[in-house]
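Step one of this worksheet: look at the structure below.
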Amino acid sequence: TPKGVELITEIQRLKKEKNAVILAHYYVDGEIQELADYVGDSLGLSQAAEKTEADLIVFCGVHFMGETAKILNPTKKVVVPDFNAGCSLADSVPVAEFVALKAAHPDAIVVSYINCSADIKAMTDIICTSSNAVQIVESIPADREIIFAPDANLGRYVAHKTGRNLILWEGACMVHIDISLEKLNTLKKEYPDALLIAHPECKEVILKEADYVGSTTALLKFVETSPNSTFIVATEAGIMHKMKQAVPHKHLIPAPANEQNTCACSECPYMKMNTLEKLYNALYYELPEINLEESIRVPAYKAMKRMLEISQ
Ligand code: 13P
Ligand code: SF4
2 TPKGVELITE IQRLKKEKNA VILAHYYVDG EIQELADYVG DSLGLSQAAE
52 KTEADLIVFC GVHFMGETAK ILNPTKKVVV PDFNAGCSLA DSVPVAEFVA
102 LKAAHPDAIV VSYINCSADI KAMTDIICTS SNAVQIVESI PADREIIFAP
152 DANLGRYVAH KTGRNLILWE GACMVHIDIS LEKLNTLKKE YPDALLIAHP
202 ECKEVILKEA DYVGSTTALL KFVETSPNST FIVATEAGIM HKMKQAVPHK
252 HLIPAPANEQ NTCACSECPY MKMNTLEKLY NALYYELPEI NLEESIRVPA
302 YKAMKRMLEI SQ
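Heads up: the sequence shown runs through residues 2 to 313, numbered per our numbering.
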């Protein structure tokens, strides 16, 4: 494997040679974001994966995101830098237990957050992301029961916004629930003019304190358009890369995590499994590849497609 500048040049060369596209989530390291053709939130990345004309999709994010690209664009080869980059939300739903929940509520419409496995998507009526969850739930007739899985914090936020009673799956994002309310309150005292902006995967106690709640893309747009100049950003710290580029003159403070880690901020260990070396290897060897059985992909596609049609 080449090193340093040579590694970056080789990734760019291979990308052209193989007609590949690199898609990256905001939470991966900045150096990977810089090499990507598209950086975005889960909705934007799905839309980009669906419409790409590249032959090879290299998805720098976590496993369910690679699966989502394959669900939407099955004739393309989809590879990921690290097959073991999972997600605490996706991992919180064993298929058998989900089958049991559905059986207990046979008339319910199933809305699943995109952070779930292809197996769960295949058992879902409509997928949602953090940028359209409220809109998706509002699109369902008021007299229908709704199962909302797997993020209970997002679910409670959506229930509060829509006034709907949701049957929640008690899953959580290990990164967002680890943001420390106590440390946030100390920061707020230190920076009384700062606006607290938060991702809806955060706990209810944090969302209650927030001045604005939104998906990663929405948070980025908010700091760009708000007249305010100081923000405490309660989401994964990878978003800081694009935020700093977008508003270099503004003061951005990443929300602190309970556990003291190297950056004293909130980092997703799965997103950080993406490295330049692994990206290079994925491009070079076209491995590890994401493949799905059609019996799973087709119903999962229907649930994804319903979401994409509603959030055009
Ligand atoms: P969005 O990028 O859709 O806001 O989702 C955040 C997240 O946790 C992705 O894993
Ligand atoms: Fe999953 Fe949370 Fe990591 Fe996103 S930040 S991939 S929701 S564990």
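We put the CB at the ideal spot given by N, CA and C, even for glycine.
In this text, all values refer to a predicted model and were calculated from it rather than measured experimentally.
Simplified DSSP assignment, three categories, for residue i
i	result
Tyr39	strand
Tyr114	strand
Ala109	coil
Gly45	helix
Ala150	strand
Thr187	helix
Glu1	Since the displayed the chain opens at 2 and closes at 313, residue 1 lies outside it and no answer follows.
Val159	helix
Gly239	helix
Asp30	coil
Leu90	coil
Leu104	The sequence shown places Ala at residue 104, rather than the Leu named in the question. Ala104 falls in the helix class under three-state DSSP.
Ala143	coil
Met274	helix
Met244	helix
Glu54	coil
Glu268	coil
Residues near residue i in its chain [Cβ-Cβ closer than 6 Å; skip 5 each side]
i	result
Thr231	Tyr192, Asp194, Ala195 and His252
Thr69	Ser47
Val96	Asp120
Met274	Asp83 and Ala86
Ile240	Tyr27 and Thr217
Tyr213	Ile198 and Phe223
Host alpha helix (DSSP H) of residue i (start-end)
i	result
Ala119	Ala119 to Ala123
Val138	Ala134 to Glu139
Pro300	Glu295 to Ile311
Thr10	Gly5 to Glu18
Lys71	His64 to Leu73
Val224	Thr217 to Thr226
Own chain residues within Cβ distance below 8 Å of residue i, not counting five before or after
i	result
Asp126	Ile110, Val111, Val112, Ala304 and Arg307
Leu185	Leu197, Ile207, Glu210, Ile233, Ala235, Ala256 and Pro257
His106	Glu146, Ile148 and Ile168
Where the beta strand (DSSP E) through residue i begins and ends
i	result
Leu196	Leu196 to Ala199
Asp24	Looking at the sequence itself, residue 24 is Leu, so the reference to Asp does not match. Counting along the chain, the beta strand (DSSP E) containing Leu24 begins and ends at Ala21 to His26.
Phe232	Thr231 to Ala235
Residue(s) in a DSSP beta bridge with residue i
i	result
Pro249	Answer is none; Pro249 lacks a bridge partner.
Phe60	Leu24
Tyr213	Ile198
Leu169	Phe149
Ile180	Ala258
Glu290	Val80
Ile128	Ser113
Same chain, Cβ closer than 7 Å to residue i, neighbours up to 5 away in sequence not counted
i	result
Val138	Val112, Ile147, Val159, Thr163 and Arg165
Val40	Ala25, Tyr27, Gln34 and Lys243
Cys269	Tyr28, Val176 and Glu237
Lys16	Ile23 and Leu284
Cys174	Ser89, Leu90, Asp152 and Glu202
Val81	Phe60, His64, Gly67, Ala283, Pro289 and Ile291
At least three beta-carbon pairs within less than 8 Å, the segment 277-285 to the segment 32-39:
Yes, since at least three Cβ pairs between the segment 277-285 and the segment 32-39 fall closer than 8 Å, the two stretches touch.
Sufficient close CB pairs (3 or more, under 8 Å) joining the segment 222-230 to the segment 241-255: These segments touch.
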